[in-house]
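First to last, the protein sequences are chains A and B. Positions in the first sequence are counted from 1; adding 21 to them yields my numbering. Positions in the second sequence are counted from 1; adding 42 to them yields my numbering. The beta-carbon is built from N, C-alpha and C at its ideal position, and this holds for glycine as well. Before any comments, here is the structure.
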Amino acid sequence: MIEKMFSEAEKFGLKPLKMAISSPKALYDMSEEQLAEVKFILIKEAFSHHYESNKFYRNSCVEKGVSPDSINTFEDLATIPLVPIELYKSNDSHKLLSVGLNEVELEMRSTGTSGIPSVSRRCSDTVDNAVLGIYAMYREFFKISKGAGLYLCPSTEEIPEMGMIKALNMLAGLLDTHRFMVRNETFVPEDAVEQLAEWQNKFSRHIIGPPFLINRFIRYLKAANIKLKLDKGSYVITLGGWKRFSGEMLSRQEFNDECKEYLGVEEHQIRDIYALVESNVVAIDDEHGEKHVSPYVHFSVRDPKDLGREVAPGETGQLAILDPMARSTPGFMLTEDLVRLLPGTSASGRSGQRMQYVMRLPESKEFGCCAVNLDKRLDDLELEASSGTCPIVN
Amino acid sequence: MYSELIADHFMDPGFVGDVENPALEFEIGNSVCGDRIRVQAGVTDGTVSEIAYRAWGCATSVATGDIFCESVKNTALADIASRTPEQIEAMLGELEPSQHHCVHILTEMHQSLLAEAQTQGVI
Chain A
22 MIEKMFSEAE
32 KFGLKPLKMA
42 ISSPKALYDM
52 SEEQLAEVKF
62 ILIKEAFSHH
72 YESNKFYRNS
82 CVEKGVSPDS
92 INTFEDLATI
102 PLVPIELYKS
112 NDSHKLLSVG
122 LNEVELEMRS
132 TGTSGIPSVS
142 RRCSDTVDNA
152 VLGIYAMYRE
162 FFKISKGAGL
172 YLCPSTEEIP
182 EMGMIKALNM
192 LAGLLDTHRF
202 MVRNETFVPE
212 DAVEQLAEWQ
222 NKFSRHIIGP
232 PFLINRFIRY
242 LKAANIKLKL
252 DKGSYVITLG
262 GWKRFSGEML
272 SRQEFNDECK
282 EYLGVEEHQI
292 RDIYALVESN
302 VVAIDDEHGE
312 KHVSPYVHFS
322 VRDPKDLGRE
332 VAPGETGQLA
342 ILDPMARSTP
352 GFMLTEDLVR
362 LLPGTSASGR
372 SGQRMQYVMR
382 LPESKEFGCC
392 AVNLDKRLDD
402 LELEASSGTC
412 PIVN
Chain B
43 MYSELIADHF
53 MDPGFVGDVE
63 NPALEFEIGN
73 SVCGDRIRVQ
83 AGVTDGTVSE
93 IAYRAWGCAT
103 SVATGDIFCE
113 SVKNTALADI
123 ASRTPEQIEA
133 MLGELEPSQH
143 HCVHILTEMH
153 QSLLAEAQTQ
163 GVI
């Protein structure tokens, strides 16, 4: 039925992928079987595209005996060869391109603790897909169309190619006003408090940024014994890693508790987003704290000791992403993230996959994004500032 | 977005790799989030006799590493030192504003090569 609908739409020049990307609500309302059919059609088409257009990827597929002809059922999707995420960091990452470099419109990057940037290149079609997909997901889960955003991160002007900042900055387009509070690698929490006071009773105030920087703000509020009360329609929106540069994991529950105490929000107002610069997927917390995967993307959770085997829902495994939105590079990637898919049905009634981030693969030397380096830089600067005021002569 | 020059050097680089027992070695880059380029070179009688690089970053910076290596191979260090900022900028051809930081990278590569040559006493 879905296939017939897609082929009818194609007769009028409509693209099934774009239709799906623009319709998360309709997809979440489908039955699991219908949604699986949508995903199968879109992912198989994407696989055929990369198989035909990307010599490096095709050679890997041929080596593994996988071709578009061998993908016939939803279960077969698990046989699609995966690009390990570290290839995006390699100095010959040009081989990942399924289009010519001249078709690349946007390069985005993320730099974790290794300092080696992971660069993802998007052609015009992929940028269209990513922009449509991200905005449609923001609308589905936040329903934001007004308010003020206190961004606890640097602006895209300061770091224009950073994927995380770019994705968060897209939210700003839905708001009435926003301010970036990290400027020239400096964050002054007093300024953030002042800005929130200025917006009080004028806008619903949202706090947006990577978890560490929001945590840093809360640490200041705690030390200064300031308890804020954000608005009924406010959100605290996080995107980025939960492991500090020091290796210390930030506890999500502790974070939520502190947001409630010091920012004056309720649990349902705290929303985390899982995203990767190399992929176009976003998984966003709903009002019950369940993270929903973009409904046209498939998360395949693998046994880290046997990557060909998918683990059962509820079990922790290594995340493989099958992303049909990626047209310039194969969107079939093996991440270094350990996640689990939530079993059963969702509290919000949405179909599709829901995930819980567990941790970065223990053997991965790399973690974090640009936020983790910024977190370190801010710590170093604080240390410098405090050592400058130390009365001991050295 | 990309000129033919940048596309060619990115898609088909000629100098990616390592030099065994390099006389000169340097790395440039932004430690927080920027591009990184590591260069290794051999010098014979004041001339760059062999050179290789590894780069991590945007396509233009990766291509810049290759363009630099191609331009200095078999060139006397003294001649490299005489290049003007205008000549260095012209080596990358026409760039979009978002690619312009690579002129700085290329300039820094020239400066680092010459500084390293001085430190090692080969110039």
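In the structure shown, the three-state DSSP call for Glu357 (chain A) is strand. By the Cβ neighbour-count rule, Arg371 (chain A) is buried, with 16 or more other Cβ atoms within 10 Å of its own. Sequence-ordered contacts of the stretch 94-112 of chain B with chain A read Arg96, Ala97, Trp98, Gly99, Cys100, Ala101 and Val104 [C-beta pairs closer than 8 Å].
The alpha-carbon of Asn80 (chain A) is positioned some 45 Å away from that of Phe201 (chain A).
When rounded, the separation of the alpha-carbon atoms in Val332 (chain A) and Asp97 (chain A) is 15 Å.
In the structure shown, the three-state DSSP call for Ser81 (chain A) is helix.
It is roughly 5 Å from the alpha-carbon of Ile305 (chain A) to the alpha-carbon of Ile294 (chain A). Boundaries of the beta strand (DSSP E) harbouring Cys144 (chain A): Pro138 to Cys144, taken from the DSSP string. One thing to note: Leu192 (chain A) has its Cβ no nearer than 8 Å to the Cβ of Leu217 (chain A). Relative to the Cα of Leu271 (chain A), the nearest Cα in the group A:Asn236, A:Ile291 and A:Pro175 belongs to A:Asn236. When only Cα atoms are considered, Arg265 (chain A) and Gln160 (chain B) end up about 40 Å apart.
With contacts defined by Cβ atoms closer than 8 Å, Phe68 (chain B) and Ser154 (chain B) form a contacting pair.
What Val58 (chain B) touches in chain A, judged by beta-carbon distance under 8 Å, is Asn112 and Asp113, going in chain order. CA-CA distance, Asp327 (chain A) to Gly335 (chain A), rounds to 17 Å.
At the C-beta level, Ile79 (chain B) and Ser113 (chain B) stay beyond 8 Å of one another. Taking all protein chains shown into account, Leu35 (chain A) has fewer than 16 neighbouring C-beta atoms within 10 Å of its C-beta and is therefore exposed.
The C-beta of Ser124 (chain B) comes no closer than 8 Å to any C-beta of chain A.
In this structure, DSSP gives Phe163 (chain A) a helical state, which the three-state scheme calls helix. For Ala169 (chain A), the closest alpha carbon among the candidates A:Ile228, A:Val120, A:Met185 and A:Pro181 is that of A:Ile228. Residue nearest to Ser131 (chain A) within the set A:Asp197, A:Met185 and A:Asp307 is A:Met185 (criterion: CA-CA distance). In this model, Phe57 (chain B) and Ala244 (chain A) are separated by some 54 Å (Cα to Cα). The C-beta of Val314 (chain A) has 16 or more other C-beta atoms within 10 Å across all chains shown, which makes the residue buried. Per DSSP, reduced to three states, the secondary structure at Gln82 (chain B) is strand. If you look at Phe201 (chain A), you'll find it in the beta strand (DSSP E) that goes Thr198 to Phe201. As the crow flies, the alpha-carbon of His115 (chain A) is around 39 Å from that of Asp50 (chain A). Around the Cβ of His309 (chain A), a 10 Å sphere holds fewer than 16 other Cβ atoms; the residue is exposed. Any Cβ of chain B closer than 8 Å to the Cβ of Leu189 (chain A) would place that residue at the interface, and such an atom is absent.
Counted as a single uninterrupted DSSP element, the alpha helix (DSSP H) harbouring Trp220 (chain A) occupies residues Pro210 to Trp220. For the beta strand (DSSP E) assignment, the uninterrupted runs of no fewer than 3 residues enclosed by the stretch 78-158 of chain B are, from N- to C-terminal side, 78-86 and 89-98.
His319 (chain A) and Lys110 (chain A) have their C-alpha atoms roughly 23 Å apart.
The count of Cβ pairs closer than 8 Å, one atom from the stretch 64-71 of chain A and one from the stretch 90-107 of chain A, reaches three, so the stretches are in contact. Gly194 (chain A): not part of any beta strand (DSSP E); DSSP gives it neither H nor E. Segment contact: the stretch 121-141 of chain B against the stretch 152-171 of chain A, fewer than three CB-CB distances shorter than 8 Å; contact not assigned. Looking only at A:Gly261, A:Leu355 and A:Ile155, the smallest Cα-Cα distance to Asn301 (chain A) is reached by A:Ile155.
Within the same chain, Pro45, Leu48, Tyr49, Leu56 and Gly373 come within 7 Å of Pro316 (chain A) by CB-CB distance, once the 5 residues on both sides are set aside.
According to the DSSP secondary-structure assignment, Arg204 (chain A) is paired through a beta bridge with A:Thr207.
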